[in-house]
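To start, the structure under review is shown below, and the notes come after it.
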Amino acid sequence: MINYMVSPASSPDIDEVVVDLDDQAKLMIDRLTRGTSQQDVVSIVGMPGL
């Protein structure tokens with residue numbers, strides 16, 4: 038889910054993008070913590086990741 042918010046007075050020409058990652062975070066936590074016999078490689082990219 039991506040929500041768009043307009044910054045009020047500071048910069049009227051620039052929109053601020055807020056991304057809701059709750060569902061993706063739950064999916065990633067499940068993939069990283071489930072006990073399976075197979076090994077998975079999960080790349081985490083972006084500003085806080087690689």
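In the working numbering, the protein residues as written are 38 to 87.
Idealized CB from N, CA, C, for every residue including glycine.
1) Which residues bound the alpha helix (DSSP H) around Ile81?
2) Thr73 to Met65, Cα distance in whole Å?
3) DSSP three-state label for Arg68, please.
4) My output table needs one value for Gln61: the three-state DSSP class, helix, strand or coil.
5) Taking just the CA atoms, how far does Val79 sit from Asp67?
Quick look at the numbers:
1) Segment: none, Ile81 is in no alpha helix (DSSP H) and carries neither H nor E.
2) In a straight line, the C-alpha of Thr73 is about 15 Å away from that of Met65.
3) Three-state DSSP puts Arg68 in a helix.
4) Gln61: helix per DSSP, three-state reduction.
5) Cα to Cα, the separation comes out at about 12 Å.
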